[in-house]
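Participant: Line order of the protein sequences matches chains P and X.
Per UniProt numbering, the very first residue in the first sequence carries number 1; after that it's consecutive.
Per UniProt numbering, the very first residue in the second sequence carries number 1; after that it's consecutive.
Could you have a look at this structure, given as structure tokens, before my questions?
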Amino acid sequence: MIAESGHYALVLALGLALVQSIVPLIGARLRDAALMNVARSTALAQLLFVGASFVALVMLHVNSDFSVANVYENSHSMKPLLYKITGVWGNHEGSMLLWVSILALFGGLVAAFGNNLPLSLRAHVLAVQAWIASAFYLFILVTSNPFLRIANPPIEGRDLNPVLQDIGLAVHPPMLYLGYVGFSISFSFAIAALMEGRIDAAWARWVRPWTLVAWIFLTLGIAMGSYWAYYELGWGGWWFWDPVENASLMPWLAGTALLHSALVMEKRNALKVWTILLSILTFSLSLLGTFLVRSGVITSVHAFATDPTRGVFILLILCLFIGGSLSLFAGRATSLKQGGLFAPISREGALVLNNLLLTVACAVVLFGTLYPLAMEMLADFKMSVGAPFYNLTFAPLFALLLLAVPFGPMLAWKRGDLLGVTQRLLAAGLAGLVAVAIAWGWASGGATLAPLAIGLGVFVIAGAVTDLVERTGLVRLPFATVLHRARGLPRSAWGTAFAHAGLGVALIGIVCETTWNSEYIATMKQNEVAHIAGYDVKLDGLFQRQGPNYREMIAEFNVSRDGETLSVMTPSKRSFTTRGSSTTEAALLTRGASQLYISLGDATAEGAIAVRIYHKPLVLLIWWGPVLMAFGGVLSLSDRRLRVGAPKPARAKQRLQPAE
Amino acid sequence: MTRKQRRMTIIGGSLAVLALAAALVLNALRDSIVFFSTPTMVAEKHVAPGKRFRLGGLVQPGSLQRGDNLAVTFEVADGGAKLPVAYKGILPDLFREGQGVVAEGALDANGVFRADTVLAKHDETYMPKDVADALKKQGHWKDDYGAQASGGAAPAATTAQGNSQGAVR
Numbered sequence: 001m002i003a004e005s006g007h008y009a010l011v012l013a014l015g016l017a018l019v020q021s022i023v024p025l026i027g028a029r030l031r032d033a034a035l036m037n038v039a040r041s042t043a044l045a046q047l048l049f050v051g052a053s054f055v056a057l058v059m060l061h062v063n064s065d066f067s068v069a070n071v072y073e074n075s076h077s078m079k080p081l082l083y084k085i086t087g088v089w090g091n092h093e094g095s096m097l098l099w100v101s102i103l104a105l106f107g108g109l110v111a112a113f114g115n116n117l118p119l120s121l122r123a124h125v126l127a128v129q130a131w132i133a134s135a136f137y138l139f140i141l142v143t144s145n146p147f148l149r150i151a152n153p154p155i156e157g158r159d160l161n162p163v164l165q166d167i168g169l170a171v172h173p174p175m176l177y178l179g180y181v182g183f184s185i186s187f188s189f190a191i192a193a194l195m196e197g198r199i200d201a202a203w204a205r206w207v208r209p210w211t212l213v214a215w216i217f218l219t220l221g222i223a224m225g226s227y228w229a230y231y232e233l234g235w236g237g238w239w240f241w242d243p244v245e246n247a248s249l250m251p252w253l254a255g256t257a258l259l260h261s262a263l264v265m266e267k268r269n270a271l272k273v274w275t276i277l278l279s280i281l282t283f284s285l286s287l288l289g290t291f292l293v294r295s296g297v298i299t300s301v302h303a304f305a306t307d308p309t310r311g312v313f314i315l316l317i318l319c320l321f322i323g324g325s326l327s328l329f330a331g332r333a334t335s336l337k338q339g340g341l342f343a344p345i346s347r348e349g350a351l352v353l354n355n356l357l358l359t360v361a362c363a364v365v366l367f368g369t370l371y372p373l374a375m376e377m378l379a380d381f382k383m384s385v386g387a388p389f390y391n392l393t394f395a396p397l398f399a400l401l402l403l404a405v406p407f408g409p410m411l412a413w414k415r416g417d418l419l420g421v422t423q424r425l426l427a428a429g430l431a432g433l434v435a436v437a438i439a440w441g442w443a444s445g446g447a448t449l450a451p452l453a454i455g456l457g458v459f460v461i462a463g464a465v466t467d468l469v470e471r472t473g474l475v476r477l478p479f480a481t482v483l484h485r486a487r488g489l490p491r492s493a494w495g496t497a498f499a500h501a502g503l504g505v506a507l508i509g510i511v512c513e514t515t516w517n518s519e520y521i522a523t524m525k526q527n528e529v530a531h532i533a534g535y536d537v538k539l540d541g542l543f544q545r546q547g548p549n550y551r552e553m554i555a556e557f558n559v560s561r562d563g564e565t566l567s568v569m570t571p572s573k574r575s576f577t578t579r580g581s582s583t584t585e586a587a588l589l590t591r592g593a594s595q596l597y598i599s600l601g602d603a604t605a606e607g608a609i610a611v612r613i614y615h616k617p618l619v620l621l622i623w624w625g626p627v628l629m630a631f632g633g634v635l636s637l638s639d640r641r642l643r644v645g646a647p648k649p650a651r652a653k654q655r656l657q658p659a660e
Numbered sequence: 001m002t003r004k005q006r007r008m009t010i011i012g013g014s015l016a017v018l019a020l021a022a023a024l025v026l027n028a029l030r031d032s033i034v035f036f037s038t039p040t041m042v043a044e045k046h047v048a049p050g051k052r053f054r055l056g057g058l059v060q061p062g063s064l065q066r067g068d069n070l071a072v073t074f075e076v077a078d079g080g081a082k083l084p085v086a087y088k089g090i091l092p093d094l095f096r097e098g099q100g101v102v103a104e105g106a107l108d109a110n111g112v113f114r115a116d117t118v119l120a121k122h123d124e125t126y127m128p129k130d131v132a133d134a135l136k137k138q139g140h141w142k143d144d145y146g147a148q149a150s151g152g153a154a155p156a157a158t159t160a161q162g163n164s165q166g167a168v169r
């Protein structure tokens with residue numbers, strides 16, 4: 001019954017989405033408020049039905065109803081409750097259902113909180129949302145129905161892929177989807193603006209918070225995925241330049257560019273056409289990511305099952321939306337009036353440079369992702385484009401970008417004074433140089449690029465701090481005034497500083513981990529001691545343990561430094577009987593921002609075991625950086641101007657503006 | 001500065017960044033791309049020692065030998081030819097004789113493939129796509145691989161890293 005209800009709710013949601021696709025547009029054409037308001041109620045009802053459908057699938061998984069194919073293939077009655085729930089999206093069908101649920105959630109949020117939007121804009125936005133939703137409901141119902149029954153229900157399920165039985169699955173996919181799908185809102189706003197042929201600064205003010213929300217989740221989602229891969233796959237890698245990772249990085253790059261160009265549009269009414277194009281491109285890249293991951297074009301952890309019909313269906317959706325929106329853009333973009341002049345050296349100019357470098361970096365990643373696929377199809381030979389390619393292309397572009405980051409927020413709008421800004425950034429530059437010198441001396445030769453990169457990271461952080469110091473008048477003004485000014489500073493200024501500093505923090509982490517990472521790989525017997533980076537790691541013994549749906553072999557290590565015992569680390573190797581596969585559970589010991597990492601290999605007949613021990617200096621900074629960025633995003637989101645919403649008609653605005 | 005000049009500055013700047021990116025990509029394409037080969041292709045093409053590539057095929061049953069200190073040697077075969085592979089480090093969880101494998105590295109002077117990375121998949125029924133395609137092309141594909149491969153959902157990649165590469169990747 002539950003499966004059928006869930007299926008039925010999904011069909012109803014499709015029906016509602018179809019109504020929402022058409023009726024509001026007719027209403028907008030006829031200027032009929034009642035018809036336009038249909039969008040609001042259908043969007044909310046749609047959310048309700050998809051939500052019901054999703055809850056139904058969760059219940060099926062929790063109840064271990066193996067008469068449903070999706071549950072049979074991905075669940076097991078002995079699986080812990082958490083993984084029964086997260087297992088819902090640990091497979092193709094369920095993850096697509098999560099995708100549309102989040103799409104409906106965003107549509108519902110626009111419907112519920114978009115009361116200050118002009119009626120026709122809201123109608124258009126929700127109609128475009130419904131087009132996307134309809135396409136994906138159809139996709140699910142036609143090619144990947146999660147509610148299919150099995151004629152002869154088996155008594156036990158095939159269990160979830162052991163690698164996915166981790167808390168990471170509870171966090172990473174929902175976060176990532178909130179990001180991916182969140183960009184559908186800016187896409188819908190862009191299409192609505194093109195259809196209406198009207199766009200102004202207020203439009204940018206409405207779009208920015210939505211983009212920011214999506215960006216925050218995407219940032220956290222990518223960081224979480226990276227950390228998960230780091231501790232789960234057992235060899236301490238945190239980024240693989242795998243096509244699937246690139247698929248999430250590309251919308252992030254384009255989305256970051258969009259955040260910055262929307263700022264120019266909001267404040268200065270310039271870069272309109274570009275902002276619209278970026279909105280379209282960002283969501284197109286999200287769709288491309290969905291296609292790459294879901295179609296089975298590439299094989300990876302994320303490609304659950306390959307089925308050609310699904311690939312073709314998503315490719316059709318992709319072509320329809322990207323082709324359609326770009327044609328609409330080509331036809332309508334020229335009608336948007338360009339406004340807001342600015343000199344090349346200005347805040348706007350800096351943001352244009354930011355956009356330029358981000359989109360070009362994004363294009364490089366796109367090239368690296370698609371080139372092997374294209375060559376395989378056209379020239380019939382196989383190759384892989386990996387880290388060396390991106391180190392030579394993506395890294396220099398990003399280094400240029402980071403070099404420019406501290407200058408951006410300090411330049412004035414319209415016409416900036418580069419020399420003045422350089423003088424004010426002198427202290428930050430010096431801090432960077434000192435960092436280079438220290439890193440150089442400490443590493444005593446070795447890699448030449450690493451100290452420079454660390455200096456760059458320090459420069460970015462110091463630049464962000466300088467900006468705050470300048471704005472609050474720290475050092476040159478009395479402390480009480482500084483405090484007052486700090487409180488009066490817009491939250492978005494704090495947000496900018498945190499997000500930019502996060503970049504520097506992540507860069508330092510990346511450089512330290514890749515350059516000064518040390519490792520010890522060998523077979524160890526009981527009571528044998530490994531020496532790594534000043535730590536003594538002693539193997540105390542091996543134990544067997546029975547878990548809920550696996551058996552595990554635990555190795556106990558005693559970690560000490562200078563004779564003083566620090567901790568006991570227990571990495572393990574789990575073998576899952578149902579799938580006949582095993583996973584390696586690494587043990588981590590955090591010391592400040594650095595980590596000691598132990599993972600196990602095979603045990604030999606003589607009772608020895610192969611181990612991998614890594615010391616990863618400052619590795620945690622790699623993920624603290626994105627967390628800082630996301631925190632900056634949250635601060636920026638709480639900025640007064642976004643909370644208050646878009647300006648009401650001019651008369652009211654004049655009176656409300658604070659005296660400066 | 002007139003409006004036109006401003007526009008030209010921006011367009012000029014964009015072109016400069018694009019040209020830079022294109023130059024970087026072309027430069028990177030010259031030597032950072034790794035091609036995929038099977039033992040047969042290696043035998044036919046006479047790959048030069050030291051040139052990095054990815055070797056794919058089946059682990060020859062009975063060829064796996066473990067030496068001291070995690071050194072392993074095995075042979076990769078594709079029905080047409082065999083190639084000895086040497087690797088030092090921990091093999092992936094589901095590395096088995098008779099199963100598909102992809103290794104990255106280069107040939108040494110003696111014609112032994114020195115792998116620094118061995119890729120295998122977590123699902124025991126899994127056959128790496130590159131290997132499956134190459135075997136199909138050479139007519140050594142057995143249908144039961146396909147049946148096995150489609151039966152196993154959610155293959156998950158694991159990578160075993162050799163000593164020399166762990167820090168780089």
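Where is the CB? At the ideal position from N, CA and C, for every residue including glycine.
This one's a predicted model, so the numbers in the text were calculated from it and none came from an experiment.
1) Suppose you measure from the CA of X/N163 to the CA of P/S567; what does that come to, to the nearest Å?
2) Using 8 Å for Cβ pairs, my map puts X/A103 next to X/V118. What's the rounded Cβ distance?
3) Taking C-alpha atoms, which residue in X/K51, X/K88, X/A28 lies nearest to X/D68?
4) Counting only beta-carbon separations shorter than 9 Å, does X/R114 have a partner in chain P?
5) Please compile the residues from chain X whose C-beta is within a distance smaller than 7 Å of the C-beta of P/V364.
6) Between which two residues does the alpha helix (DSSP H) holding P/I199 run?
7) For X/T9, return the contacting residues in chain P, with the cut-off set at a CB-CB distance below 7 Å.
8) Counting contacts by CB-CB distance shorter than 9 Å, is P/V352 in contact with chain X?
9) Note down, in chain order, all residues in the segment 366-379 of chain P with a beta-carbon under 7 Å from any beta-carbon belonging to chain X.
10) Report the three-state DSSP secondary structure of P/R591 (helix, strand or coil).
11) Within 9 Å (strictly less), CB to CB, does P/T86 reach chain X?
12) Closer than 9 Å, CB to CB, is P/K525 near chain X or not?
13) Run through chain X and tell me which residues come within less than 8 Å of P/A555, C-beta to C-beta.
14) So, are the CB atoms of P/R268 and P/E348 less than 9 Å apart?
15) Is it buried or exposed for P/R31, if we count other Cβ within 10 angstroms and need 16 for buried?
16) Looking at the structure shown, is X/Q5 part of a helix, part of a strand, or coil, going by DSSP?
17) Buried or exposed for P/V475, going by 16 or more other Cβ atoms inside 10 Å?
18) Determine, using beta carbons only, whether X/R96 comes closer than 9 Å to chain P.
19) When burial is assigned at 16 or more other CB atoms within 10 Å of the CB, is P/C512 buried or exposed?
20) According to the neighbour-count rule (16 or more other Cβ atoms, all chains shown, within 10 Å of its Cβ), is P/R29 buried or exposed?
21) Along the chain, where does the alpha helix (DSSP H) containing P/V163 start, and where does it finish?
22) I need the boundaries of the beta strand (DSSP E) containing P/V385, first residue and last residue.
23) Taking Cβ-Cβ distances shorter than 9 Å, what residues in chain P pair up with X/L70?
24) Thinking C-beta only, is P/V125 closer than 9 Å to P/G114?
25) Out of P/N116, P/F321, P/F147, P/P173, point me to the one whose CA is closest to P/A202's CA.
26) Using beta carbons (cut-off 9 Å, strictly below), is X/D78 in contact with chain P?
27) What residue range does the alpha helix (DSSP H) around P/H7 cover?
28) For chain P, check one thing: does any of its Cβ atoms lie closer than 9 Å to the Cβ of residue 172 of chain X?
29) Counting only C-beta atoms, is P/P173 closer than 9 Å to chain X at any point?
30) Just the C-alpha distance for P/Q165 and P/L18, rounded to the nearest angstrom, thanks.
31) Tell me, to the nearest whole angstrom, how far the beta carbon of P/K525 is from that of P/G429; I am working on the premise that it is less than 8 Å.
32) Closer than 9 Å, CB to CB, is P/L474 near chain B or not?
33) Output yes or no for whether 9 Å exceeds the beta carbon distance between P/G234 and P/A586.
34) Going by DSSP in three states, X/Q60 sits in which element: helix, strand or coil?
35) Is the CB-CB distance between P/V213 and P/F189 below 9 Å?
36) Is the CB of X/A28 under 9 Å away from at least one CB in chain P?
Facilitator: By the coordinates alone:
1) Its pLDDT being 31, under 50, X/N163 is placed unreliably in this model, and the coordinates cannot settle the point.
2) 5 Å
3) X/K88
4) no
5) A21, V25
6) P/I199 -> no alpha helix (DSSP H), and no H or E assigned at all.
7) At a C-beta separation below 7 Å, X/T9 has these neighbours in chain P: P344.
8) yes
9) F367
10) strand
11) no
12) Not a single CB atom of chain X sits nearer than 9 Å to the CB of P/K525.
13) Going along chain X, no residue has its Cβ under 8 Å from P/A555, so there is no contact; the nearest lies around 13 Å.
14) Contact flag set, yes.
15) exposed
16) helix
17) Exposed is the call here.
18) At a cut-off of 9 Å between C-beta atoms, X/R96 does not count as an interface residue with respect to chain P.
19) buried
20) exposed
21) It is not in any alpha helix (DSSP H) - P/V163 carries neither H nor E in the DSSP assignment.
22) 383-385
23) I521, A522, T523, G601, A610
24) yes
25) P/N116
26) Not a single C-beta of chain P is nearer than 9 Å to the C-beta of X/D78.
27) 2-30
28) Chain X is shown only over 1 to 169; residue 172 of chain X falls outside these bounds and no answer can be derived.
29) False, the Cβ-Cβ gap to chain X never drops below 9 Å.
30) P/Q165 and P/L18 have their C-alpha atoms some 37 Å from each other.
31) The pair is not a contact, with the Cβ atoms about 53 Å apart (cut-off 8 Å).
32) Note that chain B does not occur in the displayed structure, where the protein chains are P and X.
33) yes
34) coil
35) no
36) X/A28 counts as touching chain P.
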